[in-house]
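Residue numbers (our numbering), protein chains in the order written: chain A, 1 to 141; chain B, 1001 to 1141. Idealized CB from N, CA, C, for every residue including glycine.
2 protein chains.
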Amino acid sequence: MTERASPPAVADRLHSAAIHLLRALRREDRATGVGPAKLSALSVLVFGGPRSIGALARAEQVRLPTMSRLVAALERDGLAARTPDPADGRASRVHPTARGRSVLHRGRARRVEALTRRLAQLPEADRALLSRAADLIEGLT
Amino acid sequence: MTERASPPAVADRLHSAAIHLLRALRREDRATGVGPAKLSALSVLVFGGPRSIGALARAEQVRLPTMSRLVAALERDGLAARTPDPADGRASRVHPTARGRSVLHRGRARRVEALTRRLAQLPEADRALLSRAADLIEGLT
DNA sequence: TGGAGTTAGTTAGCATTGCTAACTAAATTG
DNA sequence: CAATTTAGTTAGCAATGCTAACTAACTCCA
Chain A
1 MTERASPPAV
11 ADRLHSAAIH
21 LLRALRREDR
31 ATGVGPAKLS
41 ALSVLVFGGP
51 RSIGALARAE
61 QVRLPTMSRL
71 VAALERDGLA
81 ARTPDPADGR
91 ASRVHPTARG
101 RSVLHRGRAR
111 RVEALTRRLA
121 QLPEADRALL
131 SRAADLIEGL
141 T
Chain B
1001 MTERASPPAV
1011 ADRLHSAAIH
1021 LLRALRREDR
1031 ATGVGPAKLS
1041 ALSVLVFGGP
1051 RSIGALARAE
1061 QVRLPTMSRL
1071 VAALERDGLA
1081 ARTPDPADGR
1091 ASRVHPTARG
1101 RSVLHRGRAR
1111 RVEALTRRLA
1121 QLPEADRALL
1131 SRAADLIEGL
1141 T
């Protein structure tokens, strides 16, 4: 067996852990009735501010047609709206609606709650470790 | 701002980190031509040993029909096989084929390559921290 | 021991979310 | 101004979730 802390071993186990974590959280996400991809895009709009569909696609690391469809769905659901870009007739700016903000915040609270319950049972030191790990993981990409 | 190591704060950042990590790794997974759900199930079979479809569904936190279809696909691809459970006529045991093992190991190598390069640049202590974090995350669910 | 209920798995059908290919329309560039 | 690039859309496919409804086998108990 490869050493547990060797780069490939850590990469693989992190990958597994991330998959299982998100699967567990997906249940909570489902309660919003919005779907993870739309919720994530909405989150970028709410916390990162309005932007074009292309910029949103880059932020979410998906292709333009995928984001085009997600934005259309968000718009249909009344969670986001498009306004034409004054400087570029091809582009539009997407921004969250009031309802979009509200749904996101409620969903986020629900989602975080489930994980929070489990995290709260960990010793403080473990929680600090996970906090540090979250930063390291974000820094990797 | 809530304290960084408070349960809700860690929950939220961990969730974000997991999403972004998986997005980055998804590209690598695609190169195997197998798909993440099948790859993950196959990984359980290879590293955790043969088991029933139901047990596999529980391990992967998906519903029985979803796993039933994944196993059927793995079988069609020649990556896993079913044998009847001698003790229970309803159940079957799923096990990886030689080819399944080989594909998994090659896929694993490919998948971790990109991440491994980055992990390799971290100080040993950070890598150990992430290794520990992976275990903690798995233990949460 | 035989019928009721439970459990394992399948099938069918739907929704979401990825992708590429092919298109339109607007902007840029030589 | 023609050629190219860029933003976005549409269409169509594949993977992967789900629930509902079904079959077959097992278990339990009167």
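Residue i and residue j closer than 7 angstroms at C-beta
| i | j | result |
| --- | --- | --- |
| alanine 133 of chain A | leucine 1130 of chain B | yes |
| glutamate 1028 of chain B | arginine 1110 of chain B | yes |
| alanine 80 of chain A | valine 94 of chain A | yes |
| aspartate 1012 of chain B | valine 46 of chain A | no |
| proline 1007 of chain B | alanine 120 of chain A | yes |
| arginine 118 of chain A | leucine 1140 of chain B | yes |
| arginine 99 of chain A | glycine 78 of chain A | yes |
Reference residue i; option with closest CA among the options
| i | options | result |
| --- | --- | --- |
| leucine 1136 of chain B | A:Arg93, A:Asp126, A:Gly139 and A:Glu138 | A:Asp126 |
| glycine 35 of chain A | A:Glu138, A:Val112, A:Glu113 and A:Val103 | A:Val103 |
| arginine 1026 of chain B | B:Arg1117, B:Glu1138 and B:Gly1107 | B:Gly1107 |
| serine 1092 of chain B | B:Ser1052, B:Leu1140 and B:Arg1058 | B:Ser1052 |
| valine 1044 of chain B | B:Thr1032, B:Arg1090, B:Arg1030 and B:Leu1070 | B:Leu1070 |
| glutamate 1138 of chain B | A:Thr83, A:Glu3 and A:Ala18 | A:Ala18 |
| alanine 31 of chain A | A:Ala128, A:His105 and A:Pro123 | A:His105 |
| alanine 1037 of chain B | B:Met1067, B:Pro1086 and B:Gly1049 | B:Met1067 |
Beta carbon proximity, residue i to chain A, threshold 7 angstroms
| i | result |
| --- | --- |
| methionine 1001 of chain B | Because the pLDDT of methionine 1001 of chain B is 49, which lies under 50, any placement of that residue in the model is unreliable, and the number read from its coordinates should be weighed accordingly. So, not an interface residue. |
| serine 1068 of chain B | no |
| arginine 1106 of chain B | no |
| threonine 1116 of chain B | yes |
| leucine 1056 of chain B | no |
| leucine 1022 of chain B | yes |
| arginine 1004 of chain B | yes |
| alanine 1081 of chain B | no |
| serine 1040 of chain B | yes |
Minimum Cβ-Cβ distance from residue i to chain B less than 7 angstroms
| i | result |
| --- | --- |
| aspartate 12 of chain A | yes |
| isoleucine 53 of chain A | no |
| leucine 45 of chain A | no |
| glycine 65 of chain A | Sequence check: residue 65 of chain A is proline here, not glycine. Not closer than 7 angstroms to any Cβ of chain B, the Cβ of proline 65 of chain A fails to qualify, so no. |
| aspartate 88 of chain A | no |
| serine 92 of chain A | no |
| glutamate 138 of chain A | yes |
| alanine 73 of chain A | no |
| aspartate 126 of chain A | yes |
| histidine 15 of chain A | yes |
| glutamine 61 of chain A | yes |
Sheet register partners of residue i (DSSP bridge)
| i | result |
| --- | --- |
| serine 1006 of chain B | Partner(s): none; serine 1006 of chain B has no beta bridge. |
| alanine 1080 of chain B | B:Pro1096 |
| serine 1016 of chain B | Paired residue(s): none; serine 1016 of chain B is not in a bridge. |
| arginine 1051 of chain B | B:Val1094 |
Residue i - containing alpha helix (DSSP H), residue span
| i | result |
| --- | --- |
| threonine 116 of chain A | 98-120 |
| alanine 37 of chain A | 36-48 |
| arginine 1063 of chain B | First-last for arginine 1063 of chain B: undefined, no H or E at that position. |
| alanine 125 of chain A | 124-140 |
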